[in-house]
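Have a look at the structure below, then the notes.
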Amino acid sequence: MKEIVNVETIVRVPKWTVKKWKINFTLGNLFLYLSIFIVLFFIACALFPKWIAPFSPTYMNTELILSKPNVKHLFGTDYFGRDVFSLVIYGSRDSLIIGVTSVLIGGILGGSIGALAGYIGGIVDLVLMRVIDILMTIPGILLALAIAAALGPSLLNIVLAVAASAIPGYARVMRGQMMSIKKRKFVDASRSIGTSSWKIFFWHILPHSWSPLFVMGTIGLGTSILIGSGLSFLGLGTIKEIPDWGALLSQGRGYLTVAWWISSFPGLAITLFVLSINIIGDKLRDTFDPKANKVR
Numbered sequence: 164m165k166e167i168v169n170v171e172t173i174v175r176v177p178k179w180t181v182k183k184w185k186i187n188f189t190l191g192n193l194f195l196y197l198s199i200f201i202v203l204f205f206i207a208c209a210l211f212p213k214w215i216a217p218f219s220p221t222y223m224n225t226e227l228i229l230s231k232p233n234v235k236h237l238f239g240t241d242y243f244g245r246d247v248f249s250l251v252i253y254g255s256r257d258s259l260i261i262g263v264t265s266v267l268i269g270g271i272l273g274g275s276i277g278a279l280a281g282y283i284g285g286i287v288d289l290v291l292m293r294v295i296d297i298l299m300t301i302p303g304i305l306l307a308l309a310i311a312a313a314l315g316p317s318l319l320n321i322v323l324a325v326a327a328s329a330i331p332g333y334a335r336v337m338r339g340q341m342m343s344i345k346k347r348k349f350v351d352a353s354r355s356i357g358t359s360s361w362k363i364f365f366w367h368i369l370p371h372s373w374s375p376l377f378v379m380g381t382i383g384l385g386t387s388i389l390i391g392s393g394l395s396f397l398g399l400g401t402i403k404e405i406p407d408w409g410a411l412l413s414q415g416r417g418y419l420t421v422a423w424w425i426s427s428f429p430g431l432a433i434t435l436f437v438l439s440i441n442i443i444g445d446k447l448r449d450t451f452d453p454k455a456n457k458v459r
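See below:
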């Protein structure tokens with residue numbers, strides 16, 4: 164007899180696959196997709212500004228000084244006749260460099276300090292955490308301002324200043340993760356079979372502790388850009404021919420009564436990017452939260 168094959172078992176798609184790729188256009192998801200688009204747009208602006216900006220950021224049209232937003236110049240022109248839209252596009256590069264680099268440096272250093280303190284414990288934990296506690300008593304923007312003022316205005320110095328202000332937060336989160344995970348049963352099982360302490364640290368504990376740090380880094384990207392823009396606004400940022408968003412805000416503040424668009428559009432770019440990053444970070448937090456993913 165021929166074997167009867169159930170066609171339904173062959174062509175049927177698992178339900179979890181359908182749910183995984185299904186796009187639900189709810190209001191929350193709509194904001195999420197819009198936020199992802201905005202972030203990707205600014206990343207494209209930072210990587211390929213010549214393809215997006217209609218004018219060179221250094222081109223000065225003296226006949227159109229302080230021109231209002233129009234079809235040719237979407238964001239108007241500044242006091243030199245430069246296209247403000249092109250300046251915002253080119254200024255995104257330094258702003259994103261400050262944000263991304265400072266988050267990476269702060270996350271790596273802060274995460275390393277917290278991991279060592281939480282895993283080793285004892286006197287190492289006591290000393291490292293007391294230093295972190297001292298740094299946490301200083302507001303982040305004030306600490307970054309002091310470091311940037313001491314080092315002087317440059318792109319590297321502003322990155323170091325913003326990164327230093329973020330280290331205490333990452334260290335605290337990573338220490339808490341380490342202290343929680345190292346007490347779990349699978350870690351005790353690894354010790355019982357003779358696995359070395361550092362192998363347990365790198366292969367069993369560390370992979371389970373990075374997700375909160377990743378979410379915190381995503382949200383911290385917006386905070387870093389805000390702090391970096393604030394330092395640039397105060398004159399402690401990069402001194403270049405093409406200013407970043409914070410410097411654009413500072414340059415246009417003297418013309419608010421006659422040319423509001425010079426400061427308004429760079430400020431709008433900062434607001435949109437930071438808001439989009441926060442929405443994405445909030446979604447990532449819900450994704451990595453085991454309580455939110457619990458099957459009901």
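For reference, each letter of the sequence shown is one residue, going 164 to 459 in the working numbering.
By construction, the Cβ of each residue, glycine as well, lies at the ideal position given by its N, Cα and C atoms.
Following the continuous alpha helix (DSSP H) through Tyr-253, name the residue where it begins and the one where it ends. 247-283
Close Cβ partners of Leu-291 (< 6 angstroms) along its chain, the five nearest in sequence each way excluded: Ile-276, Ala-280
Cut-off 8 angstroms between Cβ atoms - residues of its own chain near Thr-381, not counting five sequence neighbours on either side: Ile-440, Ile-443, Gly-444, Leu-447
On the DSSP bridge list, what partners appear for Thr-386? Thr-386 pairs with nothing; no bridge assigned.
Please report the residue range of the alpha helix (DSSP H) in which Gly-303 lies. It spans 303-314 - the alpha helix (DSSP H) in which Gly-303 sits, taken as one unbroken run.
Nearest neighbour of Leu-431, chosen from Phe-211, Phe-204, Val-251 [CA to CA]: Val-251
Using DSSP bridges, identify the partner residues of Thr-240. Asp-246
Apply the 10 Å Cβ neighbour rule to Lys-345 and answer buried if 16 or more other Cβ atoms are within range, or exposed otherwise. buried
Using a 10 Å radius around the Cβ and a threshold of 16 neighbouring Cβ atoms, would you call Gly-315 buried or exposed? exposed
For Gly-262, which residues of its own chain have a beta-carbon under 6 angstroms away from its beta-carbon, when the five flanking residues on both sides are left out? Leu-384, Ser-387, Ile-388
Pick out whichever of Leu-237, Ala-324, Ser-372 has its Cα sitting closest to the Cα of Gly-339. Ser-372
Under three-state DSSP, which class holds Phe-451? helix
Who are the Cβ neighbours of Met-341 in its own chain at under 8 angstroms, not counting the five residues just before and after it? Gly-277, Ala-278, Ala-280, Gly-281, Tyr-282, Ile-368, Ser-372
Best match in Met-223, Gly-239, Tyr-222, Asn-224 for proximity to Ser-230 [C-alpha to C-alpha]: Gly-239
Would you identify the three-state DSSP class for Val-176, choosing helix, strand or coil? Legend: pLDDT at Val-176 = 38, less than 50; position of this residue unreliable, value from coordinates given subsequently. It is coil, neither helix nor strand.
Taking Gly-303 as the reference, give the member of Gly-285, Phe-243, Ser-317, Gly-269 with the closest Cα. Gly-269
Would Leu-289 be called buried (16 or more neighbouring beta carbons within 10 Å of its own) or exposed? exposed
Short of 7 angstroms in beta carbon distance, which residues of its chain neighbour Lys-185, apart from the five on each side in sequence? Order them along the chain. Note on Lys-185: pLDDT 49, under 50, position unreliable in the model; the coordinate value appears next. Hits under 7 angstroms: none found.
Using 9 angstroms as the threshold, is the C-beta distance between Ile-330 and Leu-272 below it? yes
Assuming Gly-398 is part of the alpha helix (DSSP H), what are its boundary residues? Where Gly-398 is concerned, there is no enclosing alpha helix (DSSP H), given that its DSSP letter is neither H nor E.
Inter-residue Cα distance where the pair is Leu-298 and Val-322: Spanning the two alpha carbons is a distance of roughly 17 angstroms.
Closer than 6 angstroms by C-beta to Phe-248: which residues in its own chain qualify, once you throw out the five before and the five after it? Chain order, please. Hits under 6 angstroms: Leu-237, Phe-238.
Continuous alpha helix (DSSP H) stretch holding Arg-335: start and end: Per DSSP, Arg-335 is one residue of the alpha helix (DSSP H) stretching across 318-344.
Run through DSSP, which three-state label would Trp-373 get? helix
Straight-line gap, Phe-204 to Leu-193 (C-alpha atoms, nearest Å): 16 angstroms
Indicate whether the contact test is met: 3 or more Cβ pairs, each with one atom in the region 405-414 and one in the region 347-356, closer than 8 angstroms. no
Quick check on DSSP: helix, strand or coil for Glu-156? For the chain, the structure presents residues 164 to 459; residue 156 sits outside this window and is missing.
Just how far apart, CA to CA, sit Ser-258 and Asp-246? 18 angstroms
If you draw a straight line from the alpha carbon of Ser-328 to that of Val-421, how long is it in whole angstroms? 37 angstroms
How would you call Ala-221, buried or exposed, if buried means at least 16 neighbouring beta carbons within 10 angstroms? The question names Ala, but residue 221 in the sequence shown is Thr. Label assigned to Thr-221: exposed.
Span of the alpha helix (DSSP H) holding Ser-360? 360-363
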